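Under numbering that gives the first Met the number 0, the residue at position 17 of the sequence shown is numbered 16, and the numbers go up by one with no gaps.
Beta carbons are placed, not taken as given, at the ideal position from N, Cα and C, and that holds for glycine.
Just so it is clear, the structure is predicted and the values come from calculations on it, not from any experiment.
Heads up: the structure comes next, in structure tokens.
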Amino acid sequence: MYDFFNQLYKDKPSGHYINMWTLEGKQSKWFLDPEEMLEETESLTNSNVFFCMGTGLYKKNIDQRYTIPEITGISCLHIDIDFGEKGHKAKTYAPTIKEAIDISELILLPSCLVMSGHGLHAYYFLDNYYDKSKQKEKFHEISNLLREFQVLTSKLTKYDI
């Protein structure tokens, strides 16, 4: 996980926060240092832990997460591909991990695949970290590309992505 977080947040400005959220208790924690987040994550065994791909400029309350307009930095495209029969609300999921991996490779080869419990997260690292305050136009292009990438991947398969 260290290499993953290091790659994801390697060029993050020191003042940008990372949000980690746990399903149990529905609580957020905020970190400036990816290594501190990793240490906290490793202490949470048997927990559903989520983290925001994008970063923000401030901490929010413990019961809040960033909304899309609050994201101020991004360094990857990503998709979440559910598979199997357990743990899903939707009924349009890939039947096997093999099919989930095939879906992750429809448009681009992922930089990293992570098992998420009942699914597969595919990450496509960008060459740079895009900071909304310094690269506003490019940041918006990447944000739009992320949405289009997720929609297109979903359209290329019969499953919800």
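Rounded to whole angstroms, the gap between the alpha carbons of T95 and N47 is 21 angstroms. A contact is defined here as three or more CB-CB pairs under 8 angstroms, and the stretch 110-118 fails this definition with respect to the stretch 127-144.
Nearest C-alpha to L22 among H139, D2, P33, R64: R64.
Judged by DSSP in its simplified three-state form, L119 adopts strand. Apart from the 5 residues on each side of it in sequence, K135 has no Cβ closer than 6 angstroms to any other Cβ in its chain. Here F49 is exposed. Its C-beta has fewer than 16 other C-beta atoms within 10 Å. Scanning T66, N60, L119, Y92 for the CA closest to the CA of G53 turns up T66. Contact annotation: Y158 and Y92 have beta-carbon atoms nearer than 9 angstroms.
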